[in-house]
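What follows is a set of notes on a single structure, which appears directly below.
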Amino acid sequence: MDTNNFPQKFGIILWIIGAFLSIFLALKSWEVISKLNVPDFNRPTISVSGQAKKFVRPDIGQINFSVLAQADDVSKAETEATNKINKVIEALKEAGIAENDIKATNYSISPRYGRTKAISNIYPPDIPSDIIGYEVSQNLEVKIRDTKKTGEIISKAAGAGANQIGGLSFTIEKPEVVQAELRQQAIEDAKKNARELEKNLGLRLGKIISFNESGGYPIYRDYAFGKGMGGAEMSAVPQLPVGENEVNVNVNIIYQVK
671 MDTNNFPQKF
681 GIILWIIGAF
691 LSIFLALKSW
701 EVISKLNVPD
711 FNRPTISVSG
721 QAKKFVRPDI
731 GQINFSVLAQ
741 ADDVSKAETE
751 ATNKINKVIE
761 ALKEAGIAEN
771 DIKATNYSIS
781 PRYGRTKAIS
791 NIYPPDIPSD
801 IIGYEVSQNL
811 EVKIRDTKKT
821 GEIISKAAGA
831 GANQIGGLSF
841 TIEKPEVVQA
851 ELRQQAIEDA
861 KKNARELEKN
871 LGLRLGKIIS
881 FNESGGYPIY
891 RDYAFGKGMG
901 GAEMSAVPQL
911 PVGENEVNVN
921 VNIIYQVK
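Mapping of the sequence shown onto our numbering: position 154 corresponds to residue 824, and the numbering continues sequentially without gaps.
Printed below as a string of C-alpha cells:
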C-alpha cells in the first residue's frame, strides 16, 4: 500500500465533503427563506388610506400660579414668599384641589439692582449697579379635574396672593384611549377602501408591507391672566368655556398586489 500520497488523497476527500456540505446548507437556507412571510418588493403595490374622527370634550385643566415677594434682604423675601405660597396652596385645597395635583415647578432668588446717580456722556452710563434688595419667586403647576370650577379656583388663588396666573390649557387625561378607538376605526375604513379597489380595479391584494399613522389630540385653548402683587379677589369669577375639539387619526396601508 502506497502511503506517500495518503495525505493528499485525504485532503481531496475532505474538500469534496466540504463542498457537498456547503451546497446542502445553501439549499436548506433557501428553503427556509422561501417559507418565511417575507414581502417580495419586486411585485407591484397599492396604497389605501383610512380616516376616523370625533369631537371630544376635555376632562382636565392645567394652570400655573406664581407668587413674587420683594424685600431688602433675602430672608425677609423668602419668608414673605413662603407665607404667600402657603396661603395659595391652602386656598387651592379648600377649592377641592388634591395635594397630588399641586406641583412646585420653580423657585428662584434674584437680586434687585439700582444705579448710582452720576453725570456721564456715555449711554448707558458705565457705572456699577447697586443691589438694593432681593426678590423671591415660586411657581405652582395645578391640575383641575373639575373643569366647571376653573374660574372659581382662579379667583380664590388670586385672592390668596397669587401674583401671576397663566398657562391655562384644557385636555383629556388619557388621550391614548381616544386615539386607540379612532385608530381601529381608521384601519377598518382603510380595509373597506381596499376591498372597493379590489372590486373596481379587478385586483387581488396580498400582504400588508407598510403601515403609517398620523393625526393626534390637540391641546385646548390657552388663557393668560395677570395680577399685580396679589391678595385681592377678582371683581368677577371668569367664565372659561372648555368647548370641544376634533380629534382625528389617519392611517395609510400599502398592500402587495398578487
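A virtual CB, placed ideally from N, CA and C, is assigned to each residue, including glycine.
Quantities reported herein were computed from a predicted structural model and do not represent experimental measurements.
Counting only unbroken stretches of 3 or more residues, the beta strand (DSSP E) elements lying wholly within the stretch 742–814 are 772–785, 799–814, in sequence order. Here V847 carries a helix assignment [DSSP, helix/strand/coil]. Under DSSP, the beta-bridge partners assigned to I730 are T841. Burial of K754 is indicated by the presence of at least 16 other C-beta atoms within 10 angstroms of its C-beta.
The shortest CA-to-CA distance from K813 to any of A765, G829, S778 is the one to A765. DSSP lists N918 as the bridge partner or partners of K723. By the CB criterion at 9 Å, V847 and G885 fall outside the cutoff. Per DSSP, the continuous beta strand (DSSP E) segment holding K877 begins and ends at 875–886.
Within the DSSP secondary-structure output, T715 pairs in a beta bridge with Q926.
With a 10 Å radius around the Cβ and a threshold of 16 neighbouring Cβ atoms, S780 comes out exposed. As DSSP reads the structure, S736 sits in a beta bridge with N809, Q834.
For Q909, the three-state secondary structure derived from DSSP is coil. Nearest neighbour of A827 by Cα position, chosen from F735, G837, A722, Q854, turns out to be F735.
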